[in-house]
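Residue numbers (our numbering), protein chains in the order written: chain A, 4 to 455; chain B, 4 to 455.
Where is the CB? At the ideal position from N, CA and C, for every residue including glycine.
Treat the numbers as computed from the prediction; the structure is a model and nothing was measured.
Report on one structure; see the data block that follows.
2 protein chains.
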Amino acid sequence: MVMVSNKAAQAKRGKMVNGFDPEKTDQLSARTREFVERRARLLGPAYRLFYSDPIEFSRGDGVFLYDADGNEYLDAYNNVVSVGHRNPHVNKAIRVQMDSLCTHTRYMQEGVLDFAEQLLATFEDEIGHVMFTCTGSEANDLALRMAKYYTGNEGIIVTSEAYHGNSELTAGFSPSMGENSRLGTWVRRVPTPDTYRVETDNLGEWLAAHVSEQIRDLQRRGQGIAAFIADSLFASDGIFAHDPGILEPALKVVRDAGGIFVADEVQCGFARTGTHMWGYQRHNVLPDIVSLGKPMGNGYPVAGIAVRPEVLADFGHDIRYFNTFGGNTVAMAAAKATLEVIQGDNLLENCDRVGKLLLNGLRDLAKKDERIGDVRGAGLYLGVELVKDRATREPDSARALALVNEMRNRRVLISATAHNANVLKIRPPLIFGREHVDRFLTELEGALKAVN
Amino acid sequence: MVMVSNKAAQAKRGKMVNGFDPEKTDQLSARTREFVERRARLLGPAYRLFYSDPIEFSRGDGVFLYDADGNEYLDAYNNVVSVGHRNPHVNKAIRVQMDSLCTHTRYMQEGVLDFAEQLLATFEDEIGHVMFTCTGSEANDLALRMAKYYTGNEGIIVTSEAYHGNSELTAGFSPSMGENSRLGTWVRRVPTPDTYRVETDNLGEWLAAHVSEQIRDLQRRGQGIAAFIADSLFASDGIFAHDPGILEPALKVVRDAGGIFVADEVQCGFARTGTHMWGYQRHNVLPDIVSLGKPMGNGYPVAGIAVRPEVLADFGHDIRYFNTFGGNTVAMAAAKATLEVIQGDNLLENCDRVGKLLLNGLRDLAKKDERIGDVRGAGLYLGVELVKDRATREPDSARALALVNEMRNRRVLISATAHNANVLKIRPPLIFGREHVDRFLTELEGALKAVN
Numbered sequence: 004m005v006m007v008s009n010k011a012a013q014a015k016r017g018k019m020v021n022g023f024d025p026e027k028t029d030q031l032s033a034r035t036r037e038f039v040e041r042r043a044r045l046l047g048p049a050y051r052l053f054y055s056d057p058i059e060f061s062r063g064d065g066v067f068l069y070d071a072d073g074n075e076y077l078d079a080y081n082n083v084v085s086v087g088h089r090n091p092h093v094n095k096a097i098r099v100q101m102d103s104l105c106t107h108t109r110y111m112q113e114g115v116l117d118f119a120e121q122l123l124a125t126f127e128d129e130i131g132h133v134m135f136t137c138t139g140s141e142a143n144d145l146a147l148r149m150a151k152y153y154t155g156n157e158g159i160i161v162t163s164e165a166y167h168g169n170s171e172l173t174a175g176f177s178p179s180m181g182e183n184s185r186l187g188t189w190v191r192r193v194p195t196p197d198t199y200r201v202e203t204d205n206l207g208e209w210l211a212a213h214v215s216e217q218i219r220d221l222q223r224r225g226q227g228i229a230a231f232i233a234d235s236l237f238a239s240d241g242i243f244a245h246d247p248g249i250l251e252p253a254l255k256v257v258r259d260a261g262g263i264f265v266a267d268e269v270q271c272g273f274a275r276t277g278t279h280m281w282g283y284q285r286h287n288v289l290p291d292i293v294s295l296g297k298p299m300g301n302g303y304p305v306a307g308i309a310v311r312p313e314v315l316a317d318f319g320h321d322i323r324y325f326n327t328f329g330g331n332t333v334a335m336a337a338a339k340a341t342l343e344v345i346q347g348d349n350l351l352e353n354c355d356r357v358g359k360l361l362l363n364g365l366r367d368l369a370k371k372d373e374r375i376g377d378v379r380g381a382g383l384y385l386g387v388e389l390v391k392d393r394a395t396r397e398p399d400s401a402r403a404l405a406l407v408n409e410m411r412n413r414r415v416l417i418s419a420t421a422h423n424a425n426v427l428k429i430r431p432p433l434i435f436g437r438e439h440v441d442r443f444l445t446e447l448e449g450a451l452k453a454v455n
Numbered sequence: 004m005v006m007v008s009n010k011a012a013q014a015k016r017g018k019m020v021n022g023f024d025p026e027k028t029d030q031l032s033a034r035t036r037e038f039v040e041r042r043a044r045l046l047g048p049a050y051r052l053f054y055s056d057p058i059e060f061s062r063g064d065g066v067f068l069y070d071a072d073g074n075e076y077l078d079a080y081n082n083v084v085s086v087g088h089r090n091p092h093v094n095k096a097i098r099v100q101m102d103s104l105c106t107h108t109r110y111m112q113e114g115v116l117d118f119a120e121q122l123l124a125t126f127e128d129e130i131g132h133v134m135f136t137c138t139g140s141e142a143n144d145l146a147l148r149m150a151k152y153y154t155g156n157e158g159i160i161v162t163s164e165a166y167h168g169n170s171e172l173t174a175g176f177s178p179s180m181g182e183n184s185r186l187g188t189w190v191r192r193v194p195t196p197d198t199y200r201v202e203t204d205n206l207g208e209w210l211a212a213h214v215s216e217q218i219r220d221l222q223r224r225g226q227g228i229a230a231f232i233a234d235s236l237f238a239s240d241g242i243f244a245h246d247p248g249i250l251e252p253a254l255k256v257v258r259d260a261g262g263i264f265v266a267d268e269v270q271c272g273f274a275r276t277g278t279h280m281w282g283y284q285r286h287n288v289l290p291d292i293v294s295l296g297k298p299m300g301n302g303y304p305v306a307g308i309a310v311r312p313e314v315l316a317d318f319g320h321d322i323r324y325f326n327t328f329g330g331n332t333v334a335m336a337a338a339k340a341t342l343e344v345i346q347g348d349n350l351l352e353n354c355d356r357v358g359k360l361l362l363n364g365l366r367d368l369a370k371k372d373e374r375i376g377d378v379r380g381a382g383l384y385l386g387v388e389l390v391k392d393r394a395t396r397e398p399d400s401a402r403a404l405a406l407v408n409e410m411r412n413r414r415v416l417i418s419a420t421a422h423n424a425n426v427l428k429i430r431p432p433l434i435f436g437r438e439h440v441d442r443f444l445t446e447l448e449g450a451l452k453a454v455n
């Protein structure tokens, strides 16, 4: 049994959308119950499983995952395997490199440079360098260390429900980690630019005004603004695909005050948003640093940043950066192969086309169902917002959660997001096809009927 | 060309032991010069290469690395590949798992639990849980976040030249990153417990007194002591293999003040020190958190912490922890296979036996050579300290660096460590054999003659 102290018992358990509640094991199979207990005994209480009835998978293939009994699940959630589970091109590249050389960046190796060149070609000319880490958290941590060194300021501005990582620094500006996770004294939040609720003629100016107010507060305390960091879909705020223009006024305010803009592309990058390789490009803005992660090696731990040389110059000269596994030969082979598949198989175009099919299908469902307040997103990152009443727009968290679990029982994987966890999070691999969209919509229609 | 701002040009370049100096390219081949320029253009100035004449490897095998011309280098430096370059057992495990399922810890998977059980069996019963990250930096970052949450204190105490990671938090208590890398206001340093220089009858009490003084200073400022963190060989301070007992008095002082002890086993763990699986076990102490990394997956990015359940309880309950790639199915397969090789091939015993051969051989060289002031270490982590004069013990950094480069020219890989970079750092894979020791000693003897 896991010991729980009094302090812990009194505190609210750290929230997680679609998290399994270890107090509710009555409905579980004996095998699942046993697994959950063994897991708590070995890994302790910090880990969370998905779903009220967690799933065990034994293999994956393309857009599908299979449990031990061979049941097929349609994966409409896992963005890490963006070119598909068990992608043969990526796995072969890893295998070949692993069987020849696995070493780090302090020896010369062409592989890291070849991939760096290929990756830089996807950015604007102003973004001249890339650096490699293992995780998106490390990428954001490095980006903000650099932002602070470059600007000489301390303050970081994020949106209300942002998530940017699990390190001390990045968790410190990730309010979506919940009330028990301490925010930095140098962090300020601006409200979610919620296209469904905020009443304004100009959401860009509205956001800039909020950012400006927080900058003044940071300056008042002598902290100044180092960076404004956001992902282009405001994913953990609820997935919002704004018209181009939302970011530009805020960035002007930030830069006028001496800060920089970090585009967190850990989730929205690598073609995910359908029309551009990088999410920020939908908004016609140029970041100072771009952070990359999750799908970069299709599951192999590789991440990094792309940066304007001016922002990196002093930090790189004065301090240095080394990451034992970051940029190692195998990580670079995995990332290179993944990018080759994205580009070679036109997955950006596929993502755009299939994403629009899915978005339209979801909108058709919404027309017939008052419980769906809003449908939105870009490419293959879509949100379906559940409300109790279309007039009041009151979030319906319970129904969203019920739908996520009902979809799981129908063997389709999704999750939920936003402050109230009332927005279905739909984020399949980029190789999703028309037939998968059809299956998804059929099951969601069924789930909506089942969940009353 | 890389732009260097005025500020950067004025500052001292971030120091790195055995780092290539990009200003000195005269002696390089055209190919190396071209590589160095291309690398600076693509990756920017934060990366550092080893050696005054950097090396390019094209493959590895066991304890050897090979350059493009097929020249064989004896690897006496890379501790990541502790069971050997291109280990077939580990590579097969990665390949098989990768071709079946690569996914994260929010679905049930037996693999992570099986490995957790196997790993926990190598620790004392009091250390009840393990958690997984991708890098040692992430492991130390998580360990210290947890220490702060558990103790309610802010202060962290390290040794004078400690290195514990590259994140904002961990770089903040890694003074070996050099003067330009900012230390936290909550960090205090104690002097290196230098067995070669400190004059005392009891180095344990000496260290405890220094720790105690720093704790009082932290308390005076209301910060208190969250943790004392150290690796058992004080590797970046200069590699010191103390008699058992060095840590116990300091730990008592720390715990009496409400702090905990974090054993950084990223470098010293997994049998590296020869007599025990974990370096701290040589000292008969019990840590509150143990951080793991580098050799854990023989090159696959995997790391983690082992922790006393009491220390994790509130943090895990109140906050949660998720690392997208940490503990994923492939990482666990790699780590499990690596541990199987260490245990199945008795590499702990090999490390002890071969390490002693090497240590004795180095001591024999020292007897004949006044320039070697001290030889020390444990298992296959050894240091050879170069001095200008045995009486004054004045460090000879230049000679150490010359030896590292001369060894490179003789195709043996080592580096240097300590504040003055005058200690040869010898840290071969754990599969090092008697024949490799002979070859190493022959080349070092030759290098000592060549470097005058």
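- Of the residues B:ARG16, B:VAL387 and B:ARG36, the one whose Cα lies closest to the Cα of ALA238 of chain B is B:VAL387.
- Separation of the CB atoms of LEU46 of chain B and VAL133 of chain A is rounded to 7 Å, and the pair is thereby assigned contact status at 8 Å.
- Interface annotation, ILE232 of chain B: not in contact with chain A, CB-CB separation never under 9 Å.
- Of all residues in the segment 38-54 of chain B, the ones placed with a Cβ closer than 7 Å to any Cβ belonging to chain A are PHE38, ARG41, ARG42, LEU45, LEU46, GLY47, PRO48, ALA49, TYR50, ARG51, LEU52 and PHE53, in chain order.
- When 9 Å is used as the limit between beta carbons, LYS297 of chain B is near these residues of chain A: THR327 and PHE328, in chain order.
- Runs of the alpha helix (DSSP H) lying entirely within the segment 118-162 of chain B, each at least 4 residues long, are 139-154 in chain order.
- Boundaries of the beta strand (DSSP E) around ARG379 of chain A: 375-381.
- At a Cβ-Cβ threshold of 9 Å, PHE243 of chain B and LEU361 of chain B do not count as neighbours.
- Of B:GLN270, B:LEU147 and B:THR173, the smallest CA-CA separation from GLY262 of chain B is found for B:LEU147.
- The distance from the Cβ of VAL161 of chain B to that of VAL214 of chain B is about 10 Å, inconsistent with a contact at the 8 Å cut-off.
- Under the Cβ criterion of 9 Å, ASN183 of chain B is counted among the residues facing chain A.
- Between the C-alpha atoms of ARG323 of chain A and GLU448 of chain A there is a straight-line separation of about 54 Å.
- Contact annotation for GLY319 of chain B against chain A: GLY47, PRO48 and ALA49 [CB-CB distance below 7 Å, chain order].
- In the DSSP assignment, THR173 of chain A falls within the alpha helix (DSSP H) that extends over 171-174.
- Under the 9 Å criterion on CB atoms, GLY63 of chain B is classed as interfacial with respect to chain A.
- Per DSSP, reduced to three states, the secondary structure at GLU313 of chain B is helical.
- Between PHE231 of chain B and ALA212 of chain B, the CB-CB gap reaches or exceeds 9 Å.
- Not a single CB atom of chain A sits nearer than 9 Å to the CB of TYR199 of chain B.
- Along the segment 74-108 of chain B, going in chain order, the ones with a CB nearer than 8 Å to a CB of chain A are ASN81, VAL83, VAL84, HIS88, ARG89, ASN94, ILE97, ARG98, MET101, ASP102, SER103, LEU104, CYS105, THR106, HIS107 and THR108.
- Among the residues facing chain B, GLU113 of chain A is included, as its CB has a counterpart in that chain under 9 Å away.
- Residue state for MET19 of chain B is assigned as coil, using DSSP reduced to three classes.
- One thing to note: CYS271 of chain B has its Cβ no nearer than 9 Å to the Cβ of ASP246 of chain B.
- Closest in C-alpha terms to PHE60 of chain A, from the list B:GLU113, B:GLU171, B:ALA96 and B:ASP64, comes B:GLU113.
- Under the Cβ distance rule, ASN287 of chain A does not count among the residues neighbouring chain B, no pair being separated by less than 9 Å.
- Per DSSP, the unbroken beta strand (DSSP E) holding THR420 of chain B starts and ends at 418-420.
- At a cut-off of 9 Å, the C-beta of SER235 of chain B has no neighbouring C-beta in chain A.
- For SER400 of chain B, no beta strand (DSSP E) segment is defined; the enclosing uninterrupted segment is the alpha helix (DSSP H) at 400-412.
- Contact check for SER85 of chain A against LEU416 of chain A fails: the beta carbons are separated by 9 Å or more.
- Residue burial is scored here from C-beta neighbours: GLY225 of chain A has fewer than 16 other C-beta atoms within 10 angstroms and is therefore classed as exposed.
- For a Cβ distance threshold of 9 Å, residue set ARG109, TYR110 and MET111 of chain B lies close to PRO57 of chain A, ordered along the chain.
- Nearest CB-CB separation between PHE60 of chain B and chain A: below the 9 Å threshold.
- Residue environment: ALA394 of chain B is assigned as exposed (fewer than 16 neighbouring CB atoms within 10 Å of its CB, all protein chains considered).
- Contact check for PHE135 of chain A against ASN326 of chain A passes: the beta carbons are separated by less than 9 Å.
- Judged by DSSP secondary structure, PHE38 of chain B falls outside any beta strand (DSSP E) and instead within the alpha helix (DSSP H) spanning 33-46.
- Between LEU206 of chain A and THR198 of chain A, the alpha-carbon positions lie close to 8 Å from each other.
- Remark: C-beta atoms of LEU385 of chain A and LEU365 of chain A approach each other more closely than 9 Å.
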